[in-house]
Structure formats: C-alpha cells, structure tokens
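Engineer:
Following this line, the structure appears as structure tokens:
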C-alpha cells in the first residue's frame, strides 16, 4: 500500500496514539467506535433457472439443508448470516403487449431502470422496433442507487464500480448512472488496483516504503519517522513507557504484519498482486472470467478480492461488481453466448426449438455465479472486524437483472443477501415481503426444454416465468432498507438528500411497473413508501 494507507491500516506509530492517554485528545488517528457499514453488490445478467435456484421454503428460518438441493448450496456455510428477500419485483418489464413497462428493449429498459427506478429515454411504444436510439441507446432519467448512496457516504462522492472481466457496458447492459442519461464507466482490474493501493502508476515503480514492505523490511524501520514524531510530543511518563514498549513489540515481531486490516499482507493473501492483475488484464486470455490464476481462484475471484480489499481499507462503502452481459463461458465448456442460451434458442428470436441440453448449460452458469458469490462472501467472512467479521458489517447482495432468463419477468426476483450490515438486517431467514406466505412459487423455469417437457419455447408469452399476479412487492422499498442500513439520510419528502436528517422512505420515479408505460408520461409517484420492516433485525 502507499505509505499513509499502509500505516493507517497496519498500525505502526499510528496505532500507538490511542494507547497514549496524554495525547489522545490531540490526535485525529483514533479508530472509530464502531466499524463502518458497506454495501457490496454482485450483479449478473439473464436470470436463472428459478426452480433450482430458490429454496422451497420462501418464508421462515433457513438451514443448510434448505440450500443443499439448490443452486445456492455453496452458501450453506453462511446460512446463519443469509437473508433472502422474497416476493420482490423490479421495475419496467418489457412485454410484447406493453403490459408492465416501456417498449424499448427487453435488455435496455430493464437494466437502465433496475437501480434507478426511472424510465429510459427516448421512449418507445413499439416493442418490436429496431430503432437505434430507443432500442440500443436509451438511458434512464435519473441516477442509480450506487451514486445516490455514494453522494452522501463515499470519499469522492462516487461508488466503486468494478467491471468484472474488464468488459465495459453500453446502455443495453449498463446499470450505473451518475445522473440522468449519464452512464458511469467504472474500472477494470488494473485501474481498480491502482486506485486502491497507489502502488503503481504508469511507468513508475512502487514507492520505497511499499517496496521495502514487500521485500520484508522491518516494520520498525518503515514507521521509524512516525515513531520519532510521537516521541517529540509532550506526554506523560507513563505514555513514554508505553511508546517504548510499542517500539520493542515492533522490533521483536520483526517482519511479521500483525494486523489483518488494509496492509500489504492482506492484499497478498487475497491474491491482489501486480502479477495477478497483469495476468487477468492480458488481452490473450480466452475467458477473462474463468481463467485460473491460482489453485483457489480465477480471474473473476480477483475482482471479488479487489472489492474485499476496498471494503477492508474503507476505500469506499459502495462497491458494485458488475458481471458482463452477452458472454461466452468458454472455461465452462460452453460455446454459445449467455444471452442466447437464456432465450434457449440458437437464434436471436423468442420462439422456436430448444437448444439441446440448454437447461444443463444454464444450470452450469447459475452454479458458476453462485460459487463466485460464495467466494466473495467467504473472503469477507475471513477478516475479523470489531466483534465479528468484515462480512457482519456489510450487506453483500447478489442481484440478477431478471427472474427467469427466457421469460425475462421481473416479479419473483432472485435476490440473496449475506451479512446484516452491522445488525440492521434479520439473518438466517427467507422473508416473503409480498404477503408472508410460506409457499411462494419457485417459478416455471422447467416447463419447457427440460426432460419430459416440450422442446419448443415461447419467450414472448413468458410461459417459463412466474405468474405476474404474484411476488410484486416493489424493489424500491428494499433499496430504502439498504440506504437506511448504511446511514443515508433523506429530506422532509423522504427522498435521499445530502444534509437530510430523516430515514429514507422514497426512491426513484415510480414503484409500480405499469407506471413506466409511456416512458414517464404519468406523474412521478411512489405509491408504497418506506422500507420492508420485515427485513429488519428487530422485526
């Protein structure tokens, strides 16, 4: 790490300051009383095979056994820290009849509205138009959740968006907008590494202290100047003795880095090294997600490790891991890109014969994503912080753009959260926020293309999706939960506002998907304000 970040996280002389009572009131280096809270989002495209992804229990306490037969089995070790908000709908669904949203495009409007809850512009009322401006270039009329939070909580007022796989988005797949019609580009691995550590600038070597730490130089030598500065303070005799003892401790530990927080040893343990960054940034990689870079991690895991390092270093409390759309998972043995597979067809159409074995192919992708999320969660859970772990002070959430990838329906969304954000959320539960029923459907993903079912699929009729009358609680309310958990404040109208003092109760332009029809012709209205009280730990 650069020298200042290294000292802040490692401790060194800076950690000595809180031990010295006579200068404690004059230092700004004391650690916060409670660990900060973070939101870490993983976002993937094209939904999932919902019948295998969801546990059968949709409301009530969860056990590892509830997950074992599902795609989420990899999260079984963390089931006590897991929360499944069930019954939620995202906004602006594309349908052939304009029944639940705009007519722009079944990718563009869904992704653009997902974290903004705003319609996209320019509007289209023709679901089958191929007009460039409306189908491929339309953007939302408001900012996305990550930027709304970051304006209040992030050091630079912007979130950390990691483009997993190094693939940048256009408006068909982008999810992050800093303002109306303003797409936020985000960072690849190399850019994120530089922004987090300050280790490497173009054409420049590491700083001397950084290089010394990596080569095993004594920690006492690295923090010597800071220790000498402290020794010049007017302090009590007892504090002088404490400082001398601290120097002796540093000397006796030699090259051992004792702290797990924000130091070079943590970065190395997470696999965040220049060598690995260079490997995943290589243009020759056949698959920039599944490429192994060690026995325990692949290229996608390196992006997760960057997110974990950013969280541990308090570099940003708002971290989004965006997986690419329209991707071919060659490392998983697949030869057709993910968008086509989700439609279950060999063409770009919506009706036709199923690709042979397509359900198993989709399950392979689902399983891969679940393993990546479990890796992220495991890394967060492995770092001690406060009275628990880094994970306990996070809300780590896996969002998917749609529910079933063929139907592209937005009700009954597959969402899984791990971590209570410092005790704010209930954990160890599935919570049906729509109506609390214990037997919410897992959907109809295997109604076609599966063994013993028709080998013809009709994406236009959305037959593989969930009945649109079910699971329609607005996602806006969950976003309010997340903002309140992190400490975002609202103005008197309930909308997030810098300088506000109230809880957030409103987000976006609409919270009914039907209001999106016409692209903003209805007055801005939040019909059901507030958060989901059932997701709170106190409920």
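Residue numbers (this note's numbering): 1402 to 1940. We treat Cβ as the ideally placed atom computed from N, Cα and C, and that holds for glycine. Quick caveat, the model's predicted, so the values are computed rather than measured.
#1: Tell me, please, which residues DSSP counts as bridged to residue 1693.
#2: Which of helix, strand or coil does DSSP assign to residue 1723?
#3: State the Cα-Cα distance for the pair residue 1910 and residue 1806, rounded to the nearest angstrom.
#4: What is the residue span of the beta strand (DSSP E) that residue 1760 lies within?
#5: Pairs of beta-carbons, one from the region 1778-1785 and one from the region 1753-1762, closer than 8 Å: are there three or more?
#6: How do the region 1865-1881 and the region 1909-1929 stand: do at least 3 beta-carbon pairs fall below 8 Å, yes or no?
#7: Work out the CA separation of residue 1514 and residue 1922 for me, nearest whole Å.
#8: Pull the bridge partners of residue 1587 from the DSSP assignment, please.
#9: Would you give the residue range spanned by the alpha helix (DSSP H) that residue 1444 belongs to?
#10: Could you tell me whether the region 1821-1830 touches the region 1475-1490, where touching means 3 or more Cβ pairs closer than 8 Å?
#11: Compare the C-alpha of residue 1776 against each of 1757, 1913, 1798 and 1755 and name the closest.
#12: Helix or strand or just coil, what does DSSP make of residue 1450?
#13: Write down every uninterrupted run of the alpha helix (DSSP H) in the region 1831-1908 whose length is 4 residues or greater and which is fully enclosed by it, in chain order.
#14: How about residue 1457 and residue 1843: do their beta carbons lie closer than 8 Å?
#15: Taking 6 Å as the limit between beta carbons, can you name the residues of its chain near residue 1916, skipping five residues before and five after?
#16: Go ahead and pull the three-state DSSP assignment for residue 1754.
#17: Within a Cβ cutoff of 6 Å, which residues of the same chain sit near residue 1591, ignoring the five residues on either side of it in sequence?
#18: In its own chain, which residues sit with a C-beta less than 8 Å from the C-beta of residue 1480, not counting the 5 before and 5 after it?
#19: Less than 6 Å between C-beta atoms, sequence neighbours within five positions excluded: which residues of the same chain meet that for residue 1346?
#20: Beta carbon of residue 1578, beta carbon of residue 1540: below 8 Å?
#21: Work out the CA separation of residue 1529 and residue 1857 for me, nearest whole Å.
#22: Which of the three DSSP states is assigned to residue 1484 in this structure?
#23: Excluding five sequence neighbours on each side, which residues of the same chain lie with their C-beta closer than 6 Å to the C-beta of residue 1508?
#24: Looking at C-alpha atoms only, which residue of 1933, 1501, 1567 and 1745 is the closest neighbour of residue 1688?
#25: Could you check the C-alpha separation between residue 1795 and residue 1516 for me, to the nearest Å?
#26: What does the alpha-carbon distance come out to for the pair residue 1518 and residue 1644?
#27: Where do the ends of the beta strand (DSSP E) carrying residue 1546 lie?
#28: Are the beta-carbon atoms of residue 1713 and residue 1791 separated by less than 8 Å?
#29: Which residues share a DSSP beta bridge with residue 1795?
Structural biologist: Answer, in terms of the structure:
#1: 1699
#2: strand
#3: Note on geometry: alpha-carbon atoms of residue 1910 and residue 1806 lie some 26 Å from one another.
#4: That residue, residue 1760, is in no beta strand (DSSP E); its alpha helix (DSSP H) goes 1759-1782.
#5: no
#6: yes
#7: Cα-Cα distance, rounded: 15 Å.
#8: Looking at the DSSP assignment, residue 1587 forms no beta bridge with any residue, so it has no partner.
#9: That residue, residue 1444, is in no alpha helix (DSSP H); its beta strand (DSSP E) goes 1439-1445.
#10: Yes, the region 1821-1830 touches the region 1475-1490.
#11: Closest by C-alpha distance to residue 1776, out of 1757, 1913, 1798 and 1755, is 1798.
#12: coil
#13: Taken in chain order, the unbroken stretches of alpha helix (DSSP H) that lie wholly in the region 1831-1908 and span 4 residues or more are 1876-1887.
#14: A contact, by the Cβ cut-off of 8 Å.
#15: 1923
#16: strand
#17: 1678 and 1682
#18: 1463, 1464, 1465, 1467, 1468 and 1829
#19: One cannot answer for residue 1346 here, as it falls past the ends of the chain, which runs 1402 to 1940.
#20: yes
#21: Distance between the alpha carbons of residue 1857 and residue 1529 is about 21 Å.
#22: strand
#23: 1573
#24: 1567
#25: 19 Å
#26: 54 Å
#27: Careful: residue 1546 lies outside any beta strand (DSSP E), inside the alpha helix (DSSP H) at 1546-1554.
#28: yes
#29: For residue 1795, which the question treats as bridged, DSSP gives the partners 1439.
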